[in-house]
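**Student:**
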Amino acid sequence: MPGHVLIAPDKFKGSLTAPGVAEAVADGMRRVRADVDVQVAPVADGGDGTVSAAIASGYRRVPVRVTGPVGEPVDAEIAVDGDTAVVELASASGLAMLDPARLAPMTATSAGTGELVRAALDEGAHTIVLGVGGSACTDGGAGMLAALGARLLAADGSPLPPGGGALAELDKLDLGDLDPRLNSAEVVLASDVDNPLLGPKGAAHVYGPQKGADPAQVEQLDAALARWAQAVSAAGCGDVSGHPGAGAAGGVGFGAIAVLGARRRPGTDVVLDLVGFDRRLAGARLVVTGEGSLDEQTLHGKAPAGVASRASAAGVPVVAVAGRCLLPAQRLHDAGFAAAYALADVEPDPERSMREGAQLLVGVGERIAREWL
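To convert a position in the sequence shown, counted from 1, into the numbering used here, add 1.
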């Protein structure tokens, strides 16, 4: 039977990157069927791993040293191809960058994300894909905008310190020195989050607690974000605080939509388009996708579900690999998966499974080749 195999997984969180998963499965399949063309196209859902997926598909890696979520310098990277750049918030302003015992819900900043956007502009980008998710901050994107030239001023004219808590003292937003190159740039907000900025379903109430905010701090942050929204509106940007996605990444979505004119698109769709998935799918005989845990969340905007949807619509069978699979067979079938292979079925010890994920996936790749090729 002619046709290639396309391996397009997301990461196995805490164990393997998406490229690592793809190469391990490909290695196993090639050991059994060296005659079959096996291609890898790692994917992501717009969050952590988006830049590495772009780089794996041929984008150029550009290292950037930026301000981390609590002010420390960190090494990050963007991906560039022609006049398109991919920026990943998680690499500059991510919650995973902080010690879980020392979170900073009131003072964490999105400044590093703004510095990545500026680096993209320096590379000549006219389309900037901003992948958000997993942020440490609840600053409404204020830090990001400050890094791009915006000035946030208190009543006495002094600049505000970083963090969402400081927005309670905001008197005026001055956009006069905002990087003028943004006027000719299109920003795409890659996010599946549809929360508004404010209120019970907003950034502070829904996501603040996981960033370390106690109930009193949640209320303070929500009030501070309301003040921020008023200042942004007064600066001539209109009121988009209720816009779906404004609450993404602690309100970075709001700052991007309101001030940068960003257009929100589902993260998985953005990444699949970035890596040329549809083009690479053409002529395929089998697609392999997956992620660390196949569960109900997978079916709500995660990368494997997007891969399965596109592949099954094209009539190409899709199988999944995972650390564990919590979906019953009928749910998998309904979502477009012909089968799922879980490492937990091979190695019941979760710690060993995560530690030896690459070797186990080689074996899974061999099994898929025997059963499907």
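Every residue gets a Cβ at the ideal spot worked out from N, C-alpha and C, and that includes glycine.
Which residues share a DSSP beta bridge with residue 173?
**Tutor:** Taking the sequence shown and counting its residues from 1, the one referred to as residue 173 is at position 172. Paired residue(s): 154.
**Student:** Grouping DSSP H, G and I as helix and E and B as strand, with all else coil, what is residue 215?
**Tutor:** Position 214 of the sequence shown holds residue 215. Of the three classes helix, strand and coil, the one that applies to residue 215 here is coil, per DSSP.
**Student:** May I ask you to report which of helix, strand or coil DSSP gives residue 286?
**Tutor:** As a first step, residue 286 must be located in the sequence shown, where it is residue number 285. Note: residue 286 maps to strand in three-state DSSP.
**Student:** Is it buried or exposed for residue 134, if we count other Cβ within 10 angstroms and need 16 for buried?
**Tutor:** Position 133 of the sequence shown holds residue 134. It counts as buried.
**Student:** Straight-line CA distance for residue 57 to residue 174?
**Tutor:** Position 56 of the sequence shown, counted from the first residue, corresponds to residue 57. Position 173 of the sequence shown, counted from the first residue, corresponds to residue 174. Roughly 39 angstroms separates the two Cα atoms.
**Student:** Alpha helix (DSSP H) containing residue 269: first to last residue?
**Tutor:** Residue mapping note: residue 269 aligns to position 268 of the sequence shown, counting from 1. 268-275 is the extent of the alpha helix (DSSP H) around residue 269.
**Student:** Suppose the cutoff is 7 angstroms on Cβ atoms and the five residues either side in sequence are ignored; what does the same chain contact list for residue 247 look like?
**Tutor:** Within the sequence shown, residue 247 is the residue found at index 246, counting from 1. 197, 198, 241, 254, 255 and 258.
**Student:** I need the DSSP call for residue 110, collapsed to helix, strand or coil.
**Tutor:** Locating residue 110 in the sequence shown gives position 109, where the first residue counts as 1. Residue 110 falls in the coil class under three-state DSSP.
**Student:** By the three-class DSSP mapping on this structure, what secondary structure does residue 386 have?
**Tutor:** This structure cannot settle anything about residue 386, because the visible part of the chain is limited to 2 through 374.
**Student:** Across the segment 289-303 and the segment 321-330, are there enough close Cβ pairs to call them in contact, namely three or more that are closer than 8 angstroms?
**Tutor:** These segments touch.
**Student:** Do the CB positions of residue 88 and residue 117 come within less than 8 angstroms of each other?
**Tutor:** Here residue 88 corresponds to residue number 87 of the sequence shown, with the count starting at 1. Here residue 117 corresponds to residue number 116 of the sequence shown, with the count starting at 1. In this structure, residue 117 lies closer than 8 angstroms to residue 88 by Cβ.
**Student:** Checking 8 angstroms against the spacing of the C-beta atoms, do residue 6 and residue 308 come in under that value?
**Tutor:** Position 5 of the sequence shown, counting from 1, holds the residue named residue 6. Position 307 of the sequence shown, counting from 1, holds the residue named residue 308. No.
**Student:** Could you say which of 164, 28 and 154 lies nearest to residue 68 if we only look at CA atoms?
**Tutor:** Numbered from 1 along the sequence shown, position 67 holds the residue referred to as residue 68. The candidate whose alpha carbon is nearest that of residue 68 is 164.
**Student:** Helix, strand or coil, according to DSSP, for residue 62 in the structure here?
**Tutor:** The residue you call residue 62 lines up with position 61 of the sequence shown. DSSP places residue 62 in strand when its eight states are reduced to three.
**Student:** Within the same chain, show all residues whose beta-carbon is closer than 6 angstroms to that of residue 12, passing over the 5 residues directly before and after it, in chain order.
**Tutor:** Translated into the one-based positions of the sequence shown, residue 12 becomes position 11. If we look at residue 12 and ignore the five residues flanking it on each side, its Cβ neighbours are 18, 19 and 50.
**Student:** Here's the rule: buried if 16 or more other CB atoms are within 10 angstroms of the residue's CB, otherwise exposed. What is residue 53?
**Tutor:** Taking the first residue of the sequence shown as position 1, residue 53 is located at position 52. Answer is buried; the Cβ neighbour count reaches 16.
**Student:** Going by DSSP in three states, residue 292 sits in which element: helix, strand or coil?
**Tutor:** For the purposes of this step, residue 292 is taken as residue 291 along the sequence shown, with counting starting at 1. Reduced to three states, the DSSP call for residue 292 is strand.
**Student:** Give the C-beta separation of residue 159 and residue 90 to the nearest angstrom, bearing in mind that I take them to be a contact with Cβ-Cβ under 8 angstroms.
**Tutor:** Locating residue 159 in the sequence shown gives position 158, counting from the first residue. Locating residue 90 in the sequence shown gives position 89, counting from the first residue. Actually they are not in contact, since the Cβ atoms of residue 159 and residue 90 sit about 28 angstroms apart, beyond 8 angstroms.
**Student:** Please name the residue, chosen from 92, 183, 70 and 29, that lies closest to residue 126 on a Cα-to-Cα basis.
**Tutor:** Stepping through the sequence shown from its first residue, residue 126 is reached at position 125. Answer by Cα proximity: 183.
**Student:** Rounded to whole angstroms, what's the CA-CA distance from residue 60 to residue 372? Just pull it up for me.
**Tutor:** Numbered from its first residue, the sequence shown carries residue 60 at position 59. Numbered from its first residue, the sequence shown carries residue 372 at position 371. If I take the Cα positions, the gap works out to 34 angstroms.
**Student:** Would you call the segment 141-154 and the segment 221-230 touching, i.e. three or more CB-CB distances under 8 angstroms?
**Tutor:** Yes, since at least three Cβ pairs between the segment 141-154 and the segment 221-230 fall closer than 8 angstroms, the two stretches touch.
**Student:** Quick one: what does DSSP say residue 22 is sitting in, helix, strand or coil?
**Tutor:** For the purposes of this step, residue 22 is identified with residue 21 of the sequence shown, where counting begins at 1. Of the three classes helix, strand and coil, the one that applies to residue 22 here is helix, per DSSP.
**Student:** Looking at the structure shown, is residue 375 part of a helix, part of a strand, or coil, going by DSSP?
**Tutor:** Shown here, the chain extends from 2 to 374; a query on residue 375 therefore has no answer.
**Student:** Give me the Cα-Cα distance between residue 105 and residue 98, rounded to the nearest whole angstrom.
**Tutor:** Reading the sequence shown from its first residue, position 104 is the one you call residue 105. Reading the sequence shown from its first residue, position 97 is the one you call residue 98. So the alpha carbons of these two residues sit roughly 11 angstroms apart.
**Student:** For residue 187, does the three-state DSSP call read helix, strand or coil?
**Tutor:** Within the sequence shown, numbered from 1, the residue matching residue 187 stands at position 186. Looking at residue 187 - three-state DSSP - the assignment turns out to be strand.
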